[in-house]
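> Have a look at the structure that comes next, please.
Residue numbers (the working numbering): 28 to 311.
Okay, here's the thing in structure tokens:
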């Protein structure tokens with residue numbers, strides 16, 4: 028999708044009331060637009076629930092929050108958090124005994140990154156492992172959230188997951204040239220997108236920023252069916268960055284920010300919502 032549908036006025040009508048449920052499908056790490064959503068939910072008297080992406084131990088293994096971390100995260104959210112790790116992406120995933128993509132990329136240098144090649148069969152196995160881990164965890168999280176959603180309540184799921192750049196030392200220097208470079212230090216974003224490194228990053232962006240919305244919609248199907256059968260409604264929202272409004276001919280279209288490579292995943296995110304909407308699921 029590339030349509031530009033700007034929200035130019037904040038709606039005054041409010042579907043939500045005390046006893047309804049707001050679910051943040053993402054984790055708060057600082058102040059941002061998600062805080063505004065939570066403030067509005069709290070003002071409406073909604074019950075606030077959330078998830079955690081988990082944390083990595085010293086060996087890179089994904090773990091749940093410690094009691095102290097859990098308490099801190101719940102205080103920041105102002106609601107209950109289901110403590111099952113939901114780290115999106117596959118850059119740290121691999122079948123048992125194989126390297127993950129971050130390890131495969133560990134030898135990349137500023138001089139040779141455009142020529143470095145990846146084994147795409149191995150990458151696909153890592154992607155499949157990451158998707159399986161995330162989708163299974165999403166099912167477990169939604170089973171717990173379902174216990175906290177009363178019959179007949181309206182439920183608002185706010186998907187705020189985004190990102191996907193692997194933690195590779197050399198990438199910071201590469202990114203500075205592509206996203207901020209000028210003069211002799213400028214490098215075209217096409218150089219990144221046509222490299223194996225760039226193709227991997229785009230794949231990971233899709234998994235983190237876009238495909239997680241589908242996992243959320245699928246995993247919460249039982250909640251949706253029960254709520255709607257008892258008189259409530261379920262809404263899903265996911266947040267993209269539409270960048271600049273551009274008048275082309277007689278129509279306003281949108282363009283992603285210059286060099287904003289996540290823009291491809293944001294367009295995919297819209298397609299996920301569009302496919303859900305076609306099935307009668309309120310997702311935008």
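Idealized CB from N, CA, C, for every residue including glycine.
(1) With a threshold of 16 other CB atoms inside 10 Å of the CB of residue 66, please say whether the residue is buried or exposed.
(2) Could you tell me the alpha carbon to alpha carbon distance between residue 142 and residue 96, rounded to whole angstroms?
(3) Rounded to the nearest angstrom, what separates residue 85 and residue 130 at their Cα positions?
(4) I want to check one thing, is the minimum distance from the CB of residue 239 to the heavy atoms of the ligand FAD below 8 Å?
(5) For residue 66, name the three-state secondary structure that DSSP assigns.
(6) So for residue 28, helix, strand or coil by DSSP?
(7) Got a sec? Which residues, its chain only, sit under 6 Å from residue 152 by beta carbon, not counting five neighbours each side?
(8) So, helix, strand or coil for residue 41, using DSSP?
(9) Judging by CA-CA distance, which residue of 178, 134 and 250 is the nearest neighbour of residue 166?
(10) Using only alpha-carbon positions, find the residue among 157, 214 and 311 that is nearest to residue 184.
(11) Around the C-beta of residue 278, are 16 or more other C-beta atoms found within 10 angstroms, so that it is buried, or is it exposed?
(12) Expressed to the nearest angstrom, what Euclidean distance is found between the alpha-carbon atoms of residue 215 and residue 199?
(13) The alpha helix (DSSP H) spanning residue 198 covers which residue range?
(14) Where does residue 193 sit, in a helix, a strand or coil, going by DSSP?
(15) Excluding the five sequence neighbours on either side, which residues of its own chain have a C-beta within less than 7 Å of the C-beta of residue 28, listed in chain order?
(16) By alpha-carbon positions, which one of 193, 75, 290 and 195 ends up nearest to residue 180?
(17) Tell me the rounded alpha-carbon separation between residue 35 and residue 191.
Let's see:
(1) exposed
(2) The alpha-carbon atoms of residue 142 and residue 96 are separated by roughly 42 Å.
(3) 15 Å
(4) Among the components modelled here there is no ligand, and therefore nothing to report on the ligand FAD.
(5) Residue state, collapsed to three classes: helix.
(6) The predicted model places residue 28 with a pLDDT of 44, which falls under 50 and marks its position as unreliable; any figure quoted below should be read in that light. Three-state result, residue 28: coil.
(7) 122
(8) coil
(9) 250
(10) 311
(11) exposed
(12) Pairing residue 215 with residue 199, the inter-Cα distance amounts to about 15 Å.
(13) For residue 198, the uninterrupted alpha helix (DSSP H) run begins and ends at 196 to 202, by DSSP.
(14) coil
(15) Low confidence applies here, because residue 28 scores a pLDDT of 44, under 50, leaving its location unreliable and the question unanswered by this model.
(16) A check of alpha carbon separations from residue 180 across 193, 75, 290 and 195 identifies 75 as the nearest.
(17) 30 Å
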